[in-house]
Ligand SMILES: NC(=O)c1ccc[n+]([C@@H]2O[C@H](COP(=O)([O-])OP(=O)(O)OC[C@H]3O[C@@H](n4cnc5c(N)ncnc54)[C@H](OP(=O)(O)O)[C@@H]3O)[C@@H](O)[C@H]2O)c1
């Protein structure tokens, strides 16, 4: 500990979740958030992880870095699996050796999307693509290596930082009057800033109690659901009110927008387990979308 706060060591440097945690951590009186990324910590070289993490002297580890290029992973499954699977397991092994909790980010893409309602944590997993399989390998490795873990499955992450759908839509609308967006995939748009708030709350709970009900897999997304086309429409409506870029949204099926990786048609996640055990619920996706668009304009 330094300055009385616990050290929350987060993997990655420029990613959406790590940047959001650094921002939220600036005003946090319980955790000093420290980012640990390349070159000190390179997940593609799992043997490099131990020294980097131990030198960082964590009280809590947040495993937020990942191979996140969903389409590219189809051609690079081995590289994705080393980073998302093997390295995740290594991080959890070190967390267990240091006797500190590890909070790991996972994804809605562990599901195949065929369920007609929101997925709960115990639903069967069946990833459709290489990215989902690599993230599932990470979930399994974390659970095996560290009993003191929380795996947070989140989805459709956007923020003022890095690359994401919301920023892409605003950029495309600078040069176009209309944009075609897929309307037959539904999920939960989630602000990385809200994820950061949730992680800080969960970390407090883990440090305060070793109760098993606080550990395991939890779904954590923005409240409410949307299709990608709904999400784009909302982004442009908010932007137009602020005098920012606007485009009409053309609603198209996935079949009209071919990409290498198949996505689940329904990846909505039921987040009640998180509310019931950690007292954490993220805001409505529309409220947080407006906040992020406002910041970007
Ligand atoms: N984005 C989504 O829509 C989404 C949806 C569901 C779940 N998730 C999960 O949520 C977590 C956070 O996602 P995000 O959107 O914040 O990711 P992101 O913005 O794509 O950032 C990825 C992060 O991983 C780091 N990274 C990649 N390869 C690395 C390596 N070999 N060694 C060390 N660091 C490496 C990057 O490093 P640099 O800082 O050097 O760039 C960056 O900090 C991930 O676990 C992801 O799988 C994301």
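In our numbering, the protein residues as written are 50 to 346. Don't be surprised by glycine CBs; every beta carbon is placed ideally from N, CA and C.
- Here DSSP, grouped into helix, strand and coil, assigns residue 275 to strand.
- Per DSSP, reduced to three states, the secondary structure at residue 201 is strand.
- Excluding sequence positions up to five before and after residue 289, its CB lies within less than 7 Å of the CB of 295, all in the same chain and listed in chain order.
- Exclusion of the five residues before and after residue 255 leaves 109, 150, 152, 197, 199, 263 and 264 as the residues of its chain whose Cβ lies within less than 8 Å of its Cβ.
- In chain order, 56 place their CB closer than 7 Å to the CB of residue 106, counting only its own chain and leaving out the 5 sequence neighbours on each side.
- Contact fails between the stretch 299 to 307 and the stretch 117 to 137, because fewer than three Cβ pairs, one in each stretch, are under 8 Å apart.
- Between residue 71 and residue 58, the gap from beta carbon to beta carbon reaches 9 Å or more.
- Annotation for residue 135: 95 place their beta carbon closer than 6 Å to its own, counting only its chain and skipping 5 residues before and after.
- Counting C-beta pairs closer than 8 Å gives three or more between the stretch 152 to 162 and the stretch 309 to 323, which meets the contact rule.
- Placement of the Cβ of residue 338 at a distance of 8 Å or more from every heavy atom of ligand 1 is found.
- Within the stretch 128 to 214, the complete alpha helix (DSSP H) segments at least 4 residues long are 136 to 147 and 179 to 194, listed from N- to C-terminus.
- Under the DSSP assignment, residue 72 falls in the alpha helix (DSSP H) whose first and last residues are 65 to 74.
- Relative to the non-hydrogen atoms of ligand 1, the Cβ of residue 312 never comes closer than 8 Å to any of them.
- The C-alpha of residue 269 is placed about 10 Å away from the C-alpha of residue 243.
- Here the distance from the Cβ of residue 80 to the nearest heavy atom of ligand 1 is not below 8 Å.
- Looking only at 343, 322, 327 and 251, the smallest Cα-Cα distance to residue 169 is reached by 322.
- When secondary structure is reduced to three states using DSSP, residue 312 falls in the coil class, being assigned neither helix nor strand.
- Selection 123, 126, 240 and 258 evaluated against residue 73 yields 240 as nearest (Cα-Cα).
- Rounded to the nearest whole angstrom, the C-alpha separation of residue 128 and residue 84 is 22 Å.
- The beta-bridge partner set that DSSP reports for residue 55 consists of 80.
- Within a 10 Å sphere around the beta-carbon of residue 90 sit 16 or more other beta-carbons, which makes this residue buried.
- In the assembly as shown, residue 133 is a buried residue. Its beta-carbon has 16 or more other beta-carbons within 10 Å.
- Contact check for residue 338 against residue 287 passes: the beta carbons are separated by less than 9 Å.
- Around the C-beta of residue 146, fewer than 16 other C-beta atoms lie within 10 Å, and the residue is accordingly described as exposed.
- At the C-beta level, residue 276 and residue 233 come within 9 Å of one another.
- At a cut-off of 8 Å, the beta-carbon of residue 168 does not count as near ligand 1: no heavy atom of the ligand is closer than that.
- Counting only residues of its own chain and dropping the five nearest sequence neighbours on each side, residue 61 has a CB closer than 7 Å to the CB of 67, 84, 86, 113 and 114.
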